[in-house]
Amino acid sequence: MPVRACVLTSSYRDSVVLMRVADEVRRRPGVREAALFMGTPANLALLEQAGLLEAEGRRARPEDLVVAVDADSGKIAAAALTAAQELLLARRHTRDGPRRARPRTLESAVRVLPGANVAAISVPGAFAGREAMRALRRGLHVFLFSDNVPLADEVLLKQEARRRGLLCMGPDCGTAYIGGVGLGFANVVDRGRVGCVAASGTGLQAVACHLAARGEGISQGIGVGGRDLSADVGAEMTCFGLEALAGDPGTDVIVLVSKPPHPDVLARLEATLAAVRKPVVVCALGLPARPRGDSVRWVSTLVDAAEAAAALARGRTWTSRPFADPRGARQRLDRCRAVELRGGPGILGLFTGGTLAHEARFVLEPLVGPVSLGDGADSGPPSHRVLDLGDDAHTVGRPHPMIDAAGRAERIAAAGDATEVRVVLLDVVLGRGAHPDPAGPVAVAVERARQRAAARGRRLAAVASVIGTPRDPQGLLGQVARLEAAGVEVLPSNAEAARFAALLLRPELAATLLGPAT
Amino acid sequence: MTVPGVFGGPVRVVNLGLELFAETLEADGVEVIHVDWRPPAGGDLRLAALLAVLDDEAESPEAPISPH
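Protein sequence lines correspond, in order, to chains A and B.
So the first sequence is numbered by the working numbering: it starts at 15 and just counts up by one.
So the second sequence is numbered by the working numbering: it starts at 27 and just counts up by one.
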């Protein structure tokens, strides 16, 4: 097939813009594949692997944009290349008008927007540290979405931020709510009296949405990035955030969401928590249960964190429950069991949210046995597997799976051929910045997986939870309905979805998780 | 500690990187300016690292500290 490519010199465009333009070009009649990438060595290798790199593309430099098209004829390919360039130009004109000049640097942007107080940085990780440091030195708080930022840079940035009394949220910070504004992937929720510090973007999203469902809002949501509680970073921003929320008059209750802190960091964290004179709920996923303190309540799931915080805000008592509606869950289980599942004994979790993947694993393991995380060679014998598709390893050169649904959809459909898989466990994350219809590609992929399984005489189940609110652009209710129409069992939280997946494999757990049948 | 003033808003954002985030903030009525960012030093990682070192050297230790 004719492959044509062109190189647009010194034309940096971000990965989401490139994905959108590639999607549009791919829809043109006669176009088999279209790819737009910056000319970094890693991206050129990907294009080469896909057979889309020809002589023209090989000379690209990292600051150059490569447009490559595979089409039915040379004429169609050439027209598609022209169309791609026009689409890129049109996008810029639509946003800015043809004449308006954009600032090229952070410094000139600050001059154009006096009083700027937050820098939102999502440039490639290798360059992000420098931009973040420049922002801090100009007195701006930093929301650092970029991943692949060197650990040493993170340490320096957070030390600099604390010295200046500024927030350095990230790197690898997916979500924050500051001063009533959602940054990054943010669900549409009300402001309220619960403040969060979260080492996880999807963790913060989940807590915010579960709080919203219980009539509570977020005062501030301070993301700190997944490495903040490592020995190197030393919980620098977690402690700073907790202290800030402790002094914030708009915050009545504090929630901390994290992975287990490094043992060297735990003491510092507990000292900071002990000094907070407000109720605190800590959800350190995977950390063994800790005794309940005077003002600190330790919980093990995200939904429990939100429920406990909502109860504390209202001065009510609260107890953890495996299912919010055990009777409904039992009816659902009976309905599912009426159709016999056939296939291997495995659960395959395909997650866009890293913390949701970890949470699912921690919920599943006591119920079904070992669960491997990732698809590496070391993840062999256990029949249950959970993948975090937003992990750095899966996002080099392409947008996060919450934006670009194609990669996960392929994996879901392929589960239909995987003889060891009986239940597919999923998250669907809504909110500003996310895919406009994340349930759509999931529903289509689940239907394909089922067809492929049926062709092999197998029958798959799909279980999911949706992180979102009715006011999100995608609409929570419509997204749930779309999944249910495709036969996906949608549970009200990620923890419940994981427990339900376990019940499908081990119905004898029903007595423990759902109570006695009535 | 002093509570960051930004907690009370208004939040004004300089956006570098994904244009999508500037679009969503604009749609939310937030003041935002999007930077037409390009990789420094033509994307050469080694030269870009040197530029960061030069930034550090240019920054005097007595640089004013003025959080918003």
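We put the beta carbon where it would ideally sit given N, CA and C, even for glycine.
{"Check": "Opposing strand residues paired with A:L364 [DSSP bridges]", "Outcome": "A:L401, A:L440"}
{"Check": "Between the CA atoms of A:P164 and B:F33 - distance to the nearest angstrom", "Outcome": "29 Å"}
{"Check": "C-beta contact flag for A:M416 and A:A374 at 8 Å", "Outcome": "no"}
{"Check": "Contact with chain A by B:L44, beta-carbon distance below 8 Å", "Outcome": "yes"}
{"Check": "Nearest candidate by alpha-carbon position, reference A:A524, set A:F337, A:L490, A:D405", "Outcome": "A:F337"}
{"Check": "Where the beta strand (DSSP E) through A:Q234 begins and ends", "Outcome": "232-237"}
{"Check": "A:R34 to A:P452 span [Cα, whole Å]", "Outcome": "15 Å"}
{"Check": "Validate contact between the region 157-172 of chain A and the region 515-530 of chain A using beta carbons, cut 8 Å, 3 pairs", "Outcome": "no"}
{"Check": "Beta-carbon neighbours of B:L73, restricted to chain A and to distances below 7 Å", "Outcome": "By Cβ distance, chain A contributes nothing, its closest Cβ being about 11 Å from B:L73, past 7 Å."}
{"Check": "Exposure of A:K89, with buried meaning 16 or more beta-carbon neighbours within 10 Å", "Outcome": "exposed"}
{"Check": "Simplified DSSP assignment, three categories, for A:S29", "Outcome": "helix"}
{"Check": "Own chain partners of A:G188 with C-beta closer than 6 Å, once the 5 adjacent residues on each side are dropped", "Outcome": "G198, F199, G215"}
{"Check": "A:R42 versus A:G482 - alpha carbon distance", "Outcome": "33 Å"}
{"Check": "Between the CA atoms of B:V79 and A:G143 - distance to the nearest angstrom", "Outcome": "11 Å"}
{"Check": "Pairwise C-alpha distance: A:V477 and A:R346", "Outcome": "11 Å"}
{"Check": "One or two residues paired with A:S507 in a DSSP bridge", "Outcome": "Answer is none; A:S507 lacks a bridge partner."}
{"Check": "A:R3 versus A:G255: straight-line alpha-carbon distance, rounded", "Outcome": "Coverage of chain A is limited to positions 15 through 532, which leaves residue 3 of chain A absent and any answer about it impossible."}
{"Check": "Closer than 8 Å to chain B by CB, A:P43", "Outcome": "no"}
{"Check": "contact_flag[the region 88-103 of chain A, the region 42-60 of chain A] where n(CB pairs < 8 Å) is 3 or more", "Outcome": "yes"}
{"Check": "Backbone secondary structure at A:F514 - three-state DSSP", "Outcome": "helix"}
{"Check": "A:S393 at chain B interface by Cβ criterion, 8 Å", "Outcome": "Here A:S393 scores only 49 on pLDDT, less than 50, and its place in the model is too uncertain to base an answer on."}
{"Check": "Test: B:L76 CB closer than 8 Å to a CB of chain A", "Outcome": "no"}
{"Check": "Terminal residues of the alpha helix (DSSP H) in which A:A146 lies", "Outcome": "139-151"}
{"Check": "Same chain, Cβ closer than 8 Å to A:S393, five either side skipped, listed in chain order", "Outcome": "Any reading at A:S393 must be qualified, since the residue scores a pLDDT of 49, below 50, and its modelled position is unreliable; the value itself is stated next. S386, L387, R399, listed in sequence order."}
{"Check": "The region 123-136 of chain A: positions lying closer than 7 Å to chain B by Cβ", "Outcome": "A123, V124, V126, L127, G129, A130, N131, V132, A133, A134, I135, S136"}
{"Check": "CB of A:A322 within 8 Å of CB of A:R335, strictly", "Outcome": "no"}
{"Check": "Minimum Cβ-Cβ distance from A:R113 to chain B less than 8 Å", "Outcome": "Summary for A:R113: the model assigns pLDDT 48, below 50, so the residue's position carries little reliability; its value from the coordinates is reported in the next sentence. Cβ-Cβ to chain B under 8 Å: no for A:R113."}
{"Check": "Three-state secondary structure (DSSP) of A:G489", "Outcome": "coil"}
{"Check": "Beta-carbon proximity list for A:R344, same chain, < 8 Å, skipping 5 on both sides", "Outcome": "A524, L528, A531"}
{"Check": "Contacts of B:D83 in chain A (Cβ-Cβ under 8 Å)", "Outcome": "According to the sequence as given, residue 83 of chain B is Glu; it is not Asp. The contacting residues do not exist; B:E83 stays about 13 Å from chain A at best."}
{"Check": "Buried/exposed call for A:A391, threshold 16 Cβ in 10 Å", "Outcome": "In this predicted model, A:A391 has a pLDDT of only 49, less than 50, meaning its place in the structure is not dependable; the value taken from the coordinates is given anyway. A:A391 should be labelled exposed."}
{"Check": "Bridge partners - A:C350, DSSP secondary structure assignment", "Outcome": "Partner(s): none; A:C350 has no beta bridge."}
{"Check": "Runs of beta strand (DSSP E) lying entirely within the region 269-300 of chain A, each at least 3 residues, in chain order", "Outcome": "294-298"}
{"Check": "Exposure of A:V126, with buried meaning 16 or more beta-carbon neighbours within 10 Å", "Outcome": "exposed"}
{"Check": "Coil, strand or helix - A:R72 by DSSP", "Outcome": "helix"}
{"Check": "Per-residue DSSP class, three states only, for B:R38", "Outcome": "strand"}
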